[in-house]
Amino acid sequence: MLEVSGIRIALSELDGTDARELAACRRALARRLRVSERDLALVERRRRSIDARRRGDVRLTFTLRSELAGGATAERALLARLARRHADKNVRVAQDRAYSLPAPVPRGSAPRPVVVGAGCAGLFCALSLARAGLEPLLVERGDDAARRTEAVRRHDETGELDCESNIQFGVGGAGTFSDGKLQTGTKSPAHRLILETFASAGAQPQILWDAKPHVGSDVLPRVVTDIVRMIEEAGGEVRCRCRMSDLDIVDGAVRAVTLTSLCPDGSVREERVATSCVALACGHSARDVFELLRERGVPMERKTFAMGVRIEHLQAQIDRALYGAAAGHPALGAAPYSLSCHLPSGRSAFSFCMCPGGYVVSAASEPGGVCTNGMSLSDRAGSNANSGLLANVFPDDLPGSDVLAGVELQRSCERAAYAAGGGGYVAPAQLVGDFLRDTPSSAGGRVEPTFPRGVTWGEVGPCLPPYVTETLRAAIPALGRKLRGFDVEDAVLTGVETRSSSPVRVTRGDDGQSVGVRGLWPLGEGAGYAGGIMSAATDGILAAQKIVASYGTGA
């Protein structure tokens, strides 16, 4: 099979349909290889990206794979012929780095591993452990995807908050309701395996070749439900409405966990489960778990995190800024952006979890606190674009020596936002122009806020630490110079965004285990080792690989 990269296709050849795109790819590949289309037995897309460096000539760029009708012999002859005519380094024999999951190992009499948290890190860790024959028990404090979706809908419509099942907690974790972006800045052979798992679980096949793949928060609940089915079919057990309420540590090693389950009849059941292996994938909002770890003496450390607001623009404005006259072409879809700036103060600001054609969501998990996030549906057809607009909070910014001081700062900002919104999980909002002038807003403009509980116009700055507010105020004009219209007067700021990442790291060694507790394997975003669906899932797989090895050696 041949692989050819750098194939650029004009928008005039595309209409947004998959059939038209694949036909255009076939034509372009035949031209590039100087063969007839009939000679291409198979053409498949390996990567697709948008080249918008020249707004007057926006194109799609592809890496394609093909098998020639004459098989390997014809492919070798073609490569030799191309080499004689011209050296095209973008035409080569396709090579894959397949990722191999750990081979099954006998568990014997050893207790089965317990995986805490069914976000992406926990799901992929449990799936890998189950396929290795270790029969893991995966516990998730929130609901399954269907019940969780209903809990989110009920909160959005009535303000009733289920503190155990919400946008933060439940099968799929926080990523389920944040667009389902699958791009990552890291490289790992496990990435292809993760994408293939999502696709086999019902995600769109385009995620296998899109440079910026996403699933959509309307599709992800079905996908994570199917991954749960995979875990169970491989021998694992998944319990929802079940959380780790205690961790037994004896002589520096895990000996058992206490699980607290909410039964269908409303009763609460506690169970002590003996285990020597706990994969801790609790997520960045499991504040009670962090408190438990502190009480049990598990080593943790403060880490840099970020806080700020959600910023909303008209999606059509972002499309024009990035694609020029091509904006609105069906082959392009809603335009995404990624921005950052370093300021003379020494601080930085950046966009986070940008959701094209998306919605700002209510991501509270504690009573009396407003927390925002963003999501898009699979079609990304909403009128607005939104992203987190964040500034870093460094460990030295925090008072005292408490390792959980960052958690308390998050909580205080969320409570301030709740008060500024007037209660009922209504969020405070302010126009960008008023924010820059340090003037309260009294009404909106062209951009209609999408926060489901509604907004109270006023100020967002007082809900955040002064150094965050000052950083954002200095950053918005600078980002406007990078993306035309980013600093438009009537863009909407909704507060506050506090849960972009964990404010603590559960310290682990090179072997993947806690530096102070054998048998405790911190992983994923909550433990401070990932930042997004792909990196969390990758961390879960790598942790499982090390856990399987420890069972195989008896370590």
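Residue 426 is where the sequence shown starts when you use the working numbering, and the numbers rise one by one after that. Each residue gets a CB set at the ideal place from its N, CA and C atoms; glycine is no exception. It should be emphasised that the depicted structure is a prediction, and the values quoted were computed from it without experimental measurement.
According to DSSP, E695 shares a beta bridge with T685. Excluding sequence positions up to five before and after A961, its CB lies within less than 6 Å of the CB of C545, A546, G949, E950 and A955, all in the same chain and listed in chain order. Between F876 and S787, the C-beta gap is smaller than 8 Å, which places the two residues in contact. In this structure, the beta-carbon distance from S461 to A455 falls below 8 Å. The secondary-structure analysis by DSSP pairs R473 across a beta bridge with F487 and D635.
Here S491 is not near H709, since their CB atoms are 8 Å or more apart.
Counting along the chain, no beta strand (DSSP E) covers V460, and no H or E run does either. According to DSSP, V541 shares a beta bridge with V564 and L705. For the pair V942 and I674, the CB atoms are nearer than the 8 Å cut-off. Here the alpha carbons of R666 and S686 stand approximately 6 Å from one another. Just measuring C-alpha positions, the residue of S826, G600, I958 and V921 sitting nearest G846 is V921.
Of Q855, A806, V893 and E696, the smallest CA-CA separation from F730 is found for V893. Boundaries of the alpha helix (DSSP H) around D744: Q740 to Y748. Between D964 and G627, the alpha-carbon positions lie close to 22 Å from each other. Bounds of the alpha helix (DSSP H) holding I656 are L645 to E658. For I674, the three-state secondary structure derived from DSSP is strand.
Following the DSSP letters along the chain, one finds F860 in no beta strand (DSSP E) but inside the alpha helix (DSSP H) bounded by residues V857 to R862. The C-beta separation of A699 from A681 comes to about 5 Å, placing the pair in contact by the 8 Å criterion.
Cα atoms of T622 and L967: separation of roughly 16 Å, rounded to the nearest angstrom.
The continuous alpha helix (DSSP H) containing H580 extends over residues A570 to T583.
Counting only the Cα atoms, H616 lies some 24 Å from E565. Taking a C-beta distance under 8 Å as the contact criterion, G848 and L856 do not qualify as a contact pair. Taking a cut-off of 8 Å for Cβ pairs, the stretch 556-571 and the stretch 646-656 touch, as three or more such pairs fall below it.
Relative to G431, the option among E446, F487 and R501 whose CA is nearest is F487. Inclusion of V734 and L897 in the CB contact set at 8 Å is warranted, their separation being smaller than that value.
The C-alpha of A816 lies about 15 Å from the C-alpha of N798. Between M725 and R930, the C-beta spacing is below 8 Å.
In the structure shown, I958 adopts helical secondary structure according to DSSP, grouped into three states.
Taking C-alpha positions only, R694 is separated from A789 by approximately 26 Å. Within its own chain, the residues whose Cβ lies closer than 7 Å to the Cβ of P529, once the five positions on either side in sequence are excluded, are A557 and G558, listed in chain order. Within the model, the alpha-carbon separation for F819 versus R721 is close to 25 Å. The stretch 899-914 and the stretch 501-521 do not touch, with fewer than three beta-carbon pairs separated by less than 8 Å.
In this chain, the alpha helix (DSSP H) harbouring V832 covers A830 to G846. DSSP places P947 in no alpha helix (DSSP H) but in the uninterrupted beta strand (DSSP E) bounded by L945 to P947.
The DSSP-derived three-state label of T442 is coil.
Between L889 and R719, the CB-CB gap reaches or exceeds 8 Å.
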